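Asks: Residue numbers (full-length UniProt numbering): 1 to 263.
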Amino acid sequence: MKKVAFIGYGAMAKTVHALLPESIQLAWVIVTEDGVAATQQELGPAVQVVSRVDAILGTPDLVLEMAGQPGLKAHAKAVLQRQLPLAVISVGAFADSAFEQEIREFASSQGAQLQILPGAIAGIDGIAAARTMGLDSVVYQGRKKPASWKGSYAEQLVDLDALTEATVFFRGSAREAAQKFPANANVAATIALAGVGMDATQVELIADPAMTRNQHRIRAEGAFGEMQIEMQGVALASNPKTSTLAALSVVRACYQLGDALVI
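1. Going by DSSP, what residues sit across from GLN141 in a beta bridge?
2. Within a Cβ cutoff of 8 Å, which residues of the same chain sit near THR164, ignoring the five residues on either side of it in sequence?
3. Entirely within the stretch 99–187 and at least 4 residues each: give me those alpha helix (DSSP H) ranges in chain order.
4. Spatial neighbours of GLN83 within its chain, please: CB distance less than 8 Å, with the 5 preceding and 5 following residues excluded, ordered by chain position.
5. Three or more C-beta pairs closer than 8 Å, one from the stretch 256–263 and one from the stretch 138–157: is that the case here?
6. Exposed or buried, ARG104, counting other C-beta atoms within 10 Å across all chains shown (16 or more means buried)?
7. The alpha helix (DSSP H) spanning LEU86 covers which residue range?
8. In the DSSP assignment, the alpha helix (DSSP H) including MET12 goes from what residue to what residue?
9. Considering only their Cβ atoms, is the gap separating MET211 from ARG219 smaller than 9 Å?
10. How far does the alpha helix (DSSP H) with GLN256 in it reach, from first residue to last?
11. For the stretch 39–49 and the stretch 62–69, state whether three or more C-beta atom pairs, one from each stretch, are separated by less than 8 Å.
12. For VAL49, which beta-bridge partners are listed by DSSP?
13. Assuming THR190 contacts PRO118 (C-beta within less than 8 Å), just tell me the rounded distance between them.
14. Between GLY222 and ASP136, which are expected to be in contact by the criterion C-beta below 8 Å, what is the C-beta distance as a whole number of angstroms?
15. By a C-beta neighbour count over all protein chains shown, 10 Å radius and 16 as the cutoff for buried, is VAL79 buried or exposed?
16. With a cut-off of 8 Å on the beta carbons, I'd call ALA11 and LEU248 a contact; round off their distance for me.
17. Does the distance from the C-beta atom of VAL31 to that of GLY8 stay below 9 Å?
18. Tell whether a beta-carbon distance below 9 Å holds between PHE106 and LYS150.
Written out as structure tokens, the structure is:
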């Protein structure tokens, strides 16, 4: 049986835990120091709950990060230093170019590898493949109902309560989008890293009163041809700000760990 470790144990991690295949066991959870006791009580003695990677007893077959950007930045180097495979969902952290470069260089020096999971979107494999022959442009468009943008920088750009039709309130690079809209950073950052980079990837953000779900659109053009991807995501019932598909992309990584045939 393969054993995995989680960084974070919030709504996404709990969903992933419930959906783990029988061949995969959750054996370790890394949380903040003040959350150790409560999480240990919740999970019981079969799971070791710690606040530091170096406190893990044993060797995980895979470490899965679901703790948000602060959690990734706090623990990534310690995981890589132990040469443990690390799969990441908080990709928006790499909009910080200094952090991205630091992690790339550190992982290389340790002979370790960090895997970026697709998260809330589809088509990342196609964009990454197309990049090898050259991409001319990649545009990501995120569309949500106005209420879903509340509490973000969008409130400084448009009167969300007054909107009666779809309104584009942001156009810019993926890096700028990730920095100004951190709650929506993971999708833009993942597309950027798979394709033409943080500064060349264009992002449009839209508030649309007609929307009932979060819509993602990707358009990529290059030597391969052209692709357009559109999807509408459903949020987790336990956390409306978390994509169900993002959680399922973590579950898929666990299935791949235990399967002989990997797609």
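All C-beta atoms in this analysis are idealised placements derived from N, C-alpha and C, irrespective of residue type, glycine included. In this text the structure is predicted, and so the values were computed from the model without any measurement.
Replies: So, to answer that:
1. Residue pairing by DSSP puts GLN141 in a beta bridge opposite GLU204, ARG217.
2. Close CB contacts of THR164 within its chain, under the 8 Å cut and outside five residues either way in sequence, are with PRO209 (chain order).
3. Restricted to the stretch 99–187, the alpha helix (DSSP H) segments that are unbroken, complete and at least 4 residues in length are 124–131, 174–180, listed in chain order.
4. Around GLN83: GLN110, GLY111, ALA112.
5. Verdict: no, contact absent.
6. ARG104 counts as exposed, since fewer than 16 other C-beta atoms from the protein chains shown sit within 10 angstroms of its C-beta.
7. Judged by DSSP secondary structure, LEU86 falls outside any alpha helix (DSSP H) and instead within the beta strand (DSSP E) spanning 86–88.
8. Here the alpha helix (DSSP H) through MET12 covers 11–18.
9. No; because the gap between Cβ atoms is not below 9 Å, this pair is not in contact.
10. Boundaries of the alpha helix (DSSP H) around GLN256: 244–258.
11. Note that the stretch 39–49 does not touch the stretch 62–69; fewer than 3 beta-carbon pairs, one per stretch, sit closer than 8 Å.
12. DSSP lists VAL29 as partners of VAL49.
13. Contact between THR190 and PRO118 is confirmed by a C-beta separation of about 7 Å, below the 8 Å threshold.
14. So it is a contact: roughly 5 Å between Cβ atoms.
15. It is buried - the Cβ of VAL79 has at least 16 other Cβ atoms within 10 Å.
16. About 13 Å separates the two Cβ atoms, so there is no contact after all.
17. Closer than 9 Å, so yes.
18. The criterion of a C-beta distance shorter than 9 Å is not satisfied by PHE106 and LYS150.
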